[in-house]
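Below: the structure, in structure tokens.
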Amino acid sequence: MRSKDEYPAREIEEKWQKWWNDKGLYLTKHPPRQKYYVLEMFPYPSGDLHMGHLKNYVIGDVVARVKIMEGYDILHPMGWDSFGLPAENAAIKKGVDPKKWTENNINTYRNTLKKLGISYDWTREIATSDPDYYRWTQWIFLFLYKKGLAYRKKDYVNWCPNCKTVLANEQVIDGKCERCKTPVVKKELEQWFFKITDYAERLLEDLKELEGKWPPQVLKLQENWIGRSEGCEIVFELEGKGIKLPVFTTRADTLFGVTFMTIAPEHYLLPEIIEDSPHREEVEEYVRQALLKSEAERTREEREKTGVFTGKYAIHPFTGEKIPIWVGDYVLANYGTGIVMGVPAHDQRDFEFAKKYGLPIRVVIKPEDGDEPRPEEMEAAFEDYGVMINSGEFTGLPSREGIERVASRLREMGKGGKTVSYRLKDWLISRQRYWGAPIPMIHCEKCGYVPVPEDQLPVRLPEGIRDFRPKGRSPLADVPEFIETKCPVCGGPARRDPDTMDTFVDSSWYHLRYIDPRNEEMPFDPEKAEAWMPVDQYIGGAEHATKHLIYARFIHKVLYDAGLLKTKEPYLHLFTQGLVLKRFFWCNHCLRVVEENEIEKGIHKACGNPIEERLEMMSKSKGNIVPVGPFVEKHGADTARITILFAGPAEKDMEWTDAGVEGARRFLNRIWRLYSKHRDKLRGEIPDFDPEKLSKEEKDLYIALQKTIFEVRKDSSEFHFNTALARLMELLTAMSRFEKTDSPVFLRSLREYIVLLAPFAPHLSEELWHWTGAESSVFSNRFPEYDPRYTRGELTEIAVQINGKVRARLQVQRGLEEKQVLDLALKEENVRRHLQGKNIRKTIYVKDKLLNIVAG
RNA sequence: GCGAGGGUGGCGGAAUUGGCAUACGCGCUGGAUUUAGGAUCCAGUCCGCCGAAAGCGGGUGCGGGUUCAAGUCCCGCCCCUCGCACCA
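Using our numbering, the first residue of the first sequence is number 143, and each one after it goes up by one.
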């Protein structure tokens, strides 16, 4: 129940939200004097907004408000990543139009975010599903196409049999579809790709610029994802036909130990290899089986490797020896060259494969200080570096040197040489879906693939489609008025590309559109981009480390190379916030969330089955969400903000609890009561005072204030909002207990406290600020400066230890010397007792902190 | 398996150039106020030594080490979370 002591949150919040809006307080000032671009990852507008979504925006808002009060002109926009599958699924399930569904959700999201009073410049709102936006997404596609960075390729791709669509590598999690968890299979399709591998080296290299500015684990994740590996390409030849069969290896020194080769089942050269093989049918059957298996099945580690002999041989580049070629599904088609050389003596996988199929083992490396391993006795491959043996002209070389020499020899022979391989794959962007940006390409029988001329953009999505059920092709393929068009080159009949783009294309450049959201000539004006880029602080979930954050860096670099941008990287600082978890009770029998009053002694009363207590990320499907709207109505936006910020370190996961809400609410109420009590004292000038001439009580408060300013500034800049709030709570207690409430120190503390609180509880602060008689916003203040002379009290407590154990604490003036402190310490009863019968051997003094007496 | 992060009261968490472990909040206990409840305010709250105070001892996942001094540094383990995982 709300008592009359509780502050009227909703009333205050609505009042100031309206006032901020009328005053245009958060409108971007362009050109900026001193710019600061704060960006939170924009949301996909799904159903309603819950507290789990909020953390991102609350953190961003604190950053933005602190920067406003540090005198920056900020750009702090919000928009919608509004293309994507859920809209289409809703259309399939409920028959609603994806566009209408999306618009409704956007309206709900916008209204909810507005209720939170976050400092967005709403005039810059964008939605990726808006033709005014996706026109430029298409423009970017064409831009890449012109640069040779968008190309079409027939390939085996990740295919989700349930969603009936192609997935990027990044959308395959543990071999399963990210969305529906169905095992992904391989399917051969012709698709559009972005050549992100051309940028692999720079994407890796420029991570160095981000060190100390991005979370180290995100940098590491990207590094692993790019997966640079230095090695050697070695070209074998197919016996008889002379087809080149390149392999990639990091161990060129083991080349003389090759006893077989293995090629991936989906390798494009395989059909040619087996064309005239007696084993052809057997191989084809093996390939069929392999492609049916899901990635998850194929890559299960404990699974025994399988393979089948192709009946064909390759020629060793040095020895001319015949090497049998096998097909094996443990070889990945999309890493290296898709063919590996089998060196069973020195590679564990090859060893296992050779053992299974009775292939010979040939030792070509021996330990530096040991004997040559004997093949018949080996139980595992010898994978260490050592000295090359049985390797012709290279015999006797240490591995490291051998790797170099073999590579340069191959280079001379034109049969390979040093090369670099990346784990990163080209970015497959075609999606067989309706609700995305159409790929702006036209296929003409005569002219081939032709880009849609820029002046014809956007290629609009047709409306009024009824049937969105996945059929293995884009719903657009069945819309003749969309598909059928004229070739822009020859004017003859032609067909549009029926696919739409991966939504990660939409979000790879949105930070640029915010800079110039209504530009009708260009995606953005390069001059404006120069004024505002890079994003100074980007805030979002760590789950985007290898998807969005790599794609955005890639697109940014392409635009940088074209001279449209002046910075190499889009996001200068990145902060990744933790999740919001909510405890709930789950009945495994009824398969639903159960309220506490339905449970008795751990048993679900309704069905008699035991209840499981779970702590998981808030999600609508689980039913453990706290919706924002009703919460704000009941407790207010500021309470929601404080709850989130105080619960723990912002980068860590937090549990949303009622107790946390109570604590936040209580804190704000304490502030409200203190200010209500002294409301009549808030107005008017505060007389100047000399801190040196204050009473002890006053000086203590003055020092507490300086300390708090110092700590709040420091903690806020480091994203330690929980400890910043702890300091504010301490100062509040100090002010509440302060008795000389007419003192200028007290009055000044009240004033500055409001400003310190403002980034965290903006509505309450704005209200209290106006109680001082101010007419301008609390955010037109500078964040308070501390008086550096007083950030520490002049009294200090020195711990007196004897042999490392604290035996007394002394209250003394700061700055005492060791001798003085020791004299004082020796007067202490407890110290004397512990020194009885002992000699002081040595003392260690840490000024103003500690004195350790070593005695014995 | 590899990589990263983590393990501190009943709970969320503070404290890192090595220097008073447990700030702040929640919960709990007692008191004040109140017809009562709620709300609020004050005091207490790491554990143990029968209660209290003083005092003493123990204590930051486990075992060792360096040091006058270790949550913090070093060595060896255990456990948890996340990411990658047949990458040739």
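For each residue, glycine too, the CB sits at the ideal point set by N, CA and C.
What you are looking at is a predicted structure, and each value in this text was computed from that prediction instead of being measured.
Among the candidates the options, whose CA atom is the shortest distance from the CA of residue i?
i	options	result
I681	L217, R175, P150, L181	L181
K699	L380, V208, V200, L346	L346
D965	R879, L993, K947	L993
L217	K171, L258, K197, L196	K171
T865	F852, A636, R890, F788	F788
F861	D203, M643, L723, K838	D203
W913	E960, R825, A903	R825
R565	H686, R573, G373, K241	G373
E494	F646, P517, A475, P676	P517
E417	K383, E742, G778	K383
T254	G226, D190, L286	D190
E572	G614, T537, S563	Correcting the residue type first, residue 572 is Ser in the shown sequence and not Glu. When each option's Cα is compared against that of S572, the closest is G614.
P174	Y591, W162, D164, G213	G213
R207	G998, A997, V897	V897
F925	V942, E365, P901	P901
L723	I786, A748, T709	I786
Y276	L968, A846, F646	F646
D395	M483, Y472, A687, R869	M483
T688	E669, R783, W569	W569
G744	F727, V735, L757	F727
H585	D639, V621, R547	D639
A673	K708, E685, H976, E519	K708
I574	N766, C305, A801, K328	The residue you asked about is not Ile; residue 574 is Gln in the sequence shown. Closest by alpha carbon: C305.
L284	K989, D644, M583, R807	M583
N972	T985, Y987, K947, L958	K947
Alpha helix (DSSP H) containing residue i: first to last residue?
i	result
T850	838-859
I415	412-416
Y168	Taken as a continuous stretch (DSSP letters only), Y168 belongs to no alpha helix (DSSP H), as it is neither H nor E.
P134	Because the chain is modelled from 143 through 998, residue 134 falls outside the range shown and cannot be assessed.
I813	800-819
F624	622-625
Q962	960-968
F788	779-788
I995	Premise fails: I995 lies in the beta strand (DSSP E), 992-997, not in any alpha helix (DSSP H).
I1002	Here the chain comprises residues numbered 143 to 998, so residue 1002 is not present and cannot be evaluated.
Y700	Position check: residue 700 holds Val in this sequence, whereas Tyr was assumed. V700 -> alpha helix (DSSP H) spans 690-703.
F863	863-879
Rounded to the nearest angstrom, how far is the Cβ of residue i from that of residue j, given a contact under 8 Å?
i	j	result
I385	L552	Incorrect: roughly 18 Å between the Cβ atoms, too far for contact.
V932	P833	Residue 932 is actually Tyr in this sequence, not Val. Indeed, because the Cβ distance is near 6 Å, the residues count as touching under 8 Å.
Y527	R504	With a Cβ gap of about 18 Å, Y527 and R504 do not count as contacting.
H488	E446	So it is not a contact: roughly 20 Å between Cβ atoms.
A475	A406	4 Å
S98	D274	Since the first residue shown for the chain is 143 and the last is 998, residue 98 is missing from the structure and cannot be characterised.
Starting from residue i, trace the beta strand (DSSP E) both ways and give me its first and last residue.
i	result
H120	Residue 120 falls outside the range modelled here, since the chain spans only 143 to 998, and no answer is possible.
T391	386-391
D297	292-302
E754	753-759
F402	402-405
N972	Per DSSP, N972 belongs to no beta strand (DSSP E); it is in the alpha helix (DSSP H), 971-977.
message: Within 8 Å, do at least three Cβ pairs link the region 296-309 to the region 332-351?
response: Because the criterion of three Cβ pairs below 8 Å is met, the region 332-351 and the region 296-309 touch.
query: What are the complete beta strand (DSSP E) segments, minimum 3 residues, inside the region 185-242?
result: Listed in chain order, the complete beta strand (DSSP E) runs (minimum 3 residues) inside the region 185-242 are 215-217.
field: Continuous beta strand (DSSP E) assignments of at least 3 residues falling wholly in the region 435-518
entry: Those beta strand (DSSP E) runs which fall completely within the region 435-518 and span 3+ residues are 449-457, 464-470, 481-484.
query: Would the region 448-459 and the region 359-375 be scored as touching if the rule is three or more Cβ pairs under 8 Å?
result: Using a Cβ-Cβ distance cut-off of 8 Å, the region 448-459 and the region 359-375 are not in contact, since fewer than three pairs of beta carbons, one from each stretch, lie closer than that value.
task: Could you tell me whether the region 651-660 touches the region 268-282, where touching means 3 or more Cβ pairs closer than 8 Å?
output: Flag = yes, the region 651-660 and the region 268-282 touch.
message: Quick test of the definition: if touching needs 3 or more C-beta pairs under 8 Å, does the region 387-400 touch the region 716-726?
response: Fewer than three pairs of CB atoms, one per stretch, sit closer than 8 Å, so the region 387-400 makes no contact with the region 716-726.
message: Give the list of continuous beta strand (DSSP E) stretches no shorter than 3 residues that lie fully inside the region 637-683.
response: Counting whole runs of 3 or more residues, the region 637-683 contains the beta strand (DSSP E) stretches 677-683.
message: If we require 3 or more residues per run, which beta strand (DSSP E) segments fall completely within the region 309-380?
response: 327-336, 371-380, all fully within the region 309-380.
message: What ranges does the beta strand (DSSP E) occupy inside the region 904-940, keeping only unbroken runs of at least 3 residues that lie completely in it?
response: When DSSP assignments are scanned along the region 904-940, no uninterrupted stretch of beta strand (DSSP E) that is 3 or more residues long falls wholly within it.
Three-pair Cβ contact test at 8 Å for the region 899-916 versus the region 768-781: With a cut-off of 8 Å, the region 768-781 and the region 899-916 count as touching, because enough Cβ pairs lie within range.
task: Decide yes or no for the touch test of the region 529-541 against the region 417-433: beta carbon pairs closer than 8 Å, at least 3 of them.
output: The region 529-541 is not in contact with the region 417-433.
- prompt: Touching or not, the region 667-681 and the region 727-741, by the rule of three or more beta carbon pairs under 8 Å?
  reply: No: fewer than three Cβ pairs fall under 8 Å.
query: Can you give, in chain order, each stretch of the alpha helix (DSSP H) that sits fully within the region 536-605 and has at least 4 residues?
result: For the region 536-605, whole alpha helix (DSSP H) runs of length 4 or above, ordered along the chain, are 541-555.
- prompt: So, do the region 574-585 and the region 601-613 have three or more beta carbon pairs nearer to each other than 8 Å?
  reply: Verdict: yes, contact present.
- request: May I ask you to verify whether the region 150-168 touches the region 624-644, counting CB pairs closer than 8 Å and requiring at least 3?
  value: Output reads no: the region 624-644 does not touch the region 150-168.
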